[in-house]
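Asks:
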Amino acid sequence: MSFKAARRYAYAMFQSAVELGILEECNRDMDLIHETIEAASDLELFLKSPIIKKDDKRQVLLKVFEKNVTKETMVLIHLLVSKGRESTLKQIAQRFSELYKEHKNILDVEVQTAFELDDQQTSELRKALENVTRKIVHLKTQVDVDLKGGLAVRIHDTMYDGTVRHKMSQLKQQFSRENV
Numbered sequence: 011m012s013f014k015a016a017r018r019y020a021y022a023m024f025q026s027a028v029e030l031g032i033l034e035e036c037n038r039d040m041d042l043i044h045e046t047i048e049a050a051s052d053l054e055l056f057l058k059s060p061i062i063k064k065d066d067k068r069q070v071l072l073k074v075f076e077k078n079v080t081k082e083t084m085v086l087i088h089l090l091v092s093k094g095r096e097s098t099l100k101q102i103a104q105r106f107s108e109l110y111k112e113h114k115n116i117l118d119v120e121v122q123t124a125f126e127l128d129d130q131q132t133s134e135l136r137k138a139l140e141n142v143t144r145k146i147v148h149l150k151t152q153v154d155v156d157l158k159g160g161l162a163v164r165i166h167d168t169m170y171d172g173t174v175r176h177k178m179s180q181l182k183q184q185f186s187r188e189n190v
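For the sequence shown, my numbering gives the first residue as 11, with consecutive numbering after it.
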């Protein structure tokens, strides 16, 4: 139920931001909210607690966000608290970010490599992925020396594994099936 509510609130906030011409500002707000709640597990527990009063939650959220977000985002926060939906704030921020990326044709891609990519390699990989996906690619790279070589690319729930470790594993399985 809270997931559906979060989606509805995020969509309404997104539509409002587009109509008001403040999409970029609201996206920064939502990123800040998500990062803040993600980094402070106590805040997330505080917002989910049924025994803490609405006014206390409202005051904490005011102190944390009021000077750092737009007035439209503060209106959303006040509305959520008044409706008892403040626990969905992190989910709303996450869904808003997804809507923003869809709207801007942005794709988050995770890449694992056996070694650190230099700027040129990163740029070439980004361009290749943008040509294939026809989207603006935001790369998040991670080094895993156990891969031996090659790279693994994750786009949404799909993993493209071109690592030496994966190829060796496939060969091992093939050899064991054929009793070589």
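Every residue, glycine too, gets a C-beta built ideally from N, C-alpha and C.
Quick one: give me the first and last residue of the alpha helix (DSSP H) that Thr-98 is part of.
Replies: Note, Thr-98: premise wrong, no alpha helix (DSSP H); not H, not E.
Asks: Output the distance between the C-alpha atoms of Asp-167 and Arg-136, rounded to the nearest integer angstrom.
Replies: Taking the straight line joining both Cα atoms gives about 19 Å.
Asks: Indicate, with yes or no, if the ligand GTP has a heavy atom lying under 7 Å from the CB of Asn-37.
Replies: Among the components modelled here there is no ligand, and therefore nothing to report on the ligand GTP.
Asks: Buried or exposed: where does Arg-144 fall if 16 or more other Cβ atoms within 10 Å of its Cβ makes it buried?
Replies: Per the 10 Å Cβ criterion, exposed.
Asks: Is the region 53-67 in contact with the region 12-22, if contact means three or more CB pairs nearer than 8 Å?
Replies: Cβ pair count under 8 Å is below three, so no.
Asks: Name the two residues that bound the continuous alpha helix (DSSP H) containing Arg-18.
Replies: Here the alpha helix (DSSP H) through Arg-18 covers 12-30.
Asks: Name the two residues that bound the continuous beta strand (DSSP E) containing Asp-171.
Replies: Looking at the DSSP string, the run of the beta strand (DSSP E) that includes Asp-171 is 168-171.
Asks: Report all residues from its chain with a CB closer than 8 Å to the CB of Gly-94; omit the five preceding and five following residues, and keep chain order.
Replies: Answer for Gly-94: Lys-64, listed in chain order.
Asks: From the DSSP output, in three-state form, read off Thr-151 for me.
Replies: Strand at Thr-151.
Asks: The beta strand (DSSP E) that contains Thr-80, what's its start and end?
Replies: Thr-80 -> no beta strand (DSSP E), and no H or E assigned at all.
Asks: Please give the ranges of any beta strand (DSSP E) in the region 89-144, keeping only runs that are unbroken, at least 3 residues long and fully inside the region.
Replies: Segments of the beta strand (DSSP E) lying fully in the region 89-144: 116-123.
Asks: Checking 8 Å against the spacing of the C-beta atoms, do Gln-44 and Ser-107 come in under that value?
Replies: What sits at residue 44 in the sequence shown is His, not Gln. Cβ distance < 8 Å, so His-44 and Ser-107 count as in contact.
Asks: Tell me the DSSP bridge mates of Val-163?
Replies: Its beta-bridge partners are Val-121 and Tyr-170.
Asks: Going by DSSP, what residue range makes up the alpha helix (DSSP H) through Ala-49?
Replies: Unbroken alpha helix (DSSP H) run through Ala-49: 33-49.
Asks: Counting only the same chain and skipping the five closest in sequence on each side, list residues whose C-beta sits under 7 Å from that of Asp-41.
Replies: Only Ser-107 meet the Cβ criterion.
Asks: Going by beta-carbon coordinates alone, are Leu-161 and Gln-122 separated by less than 8 Å?
Replies: Taking 8 Å as the Cβ cut-off, Leu-161 and Gln-122 qualify as a contacting pair.
Asks: Less than 6 Å between C-beta atoms, sequence neighbours within five positions excluded: which residues of the same chain meet that for Val-147?
Replies: Result list for Val-147: Leu-117, Val-119, Arg-136, Leu-139 and Glu-140, in chain order.
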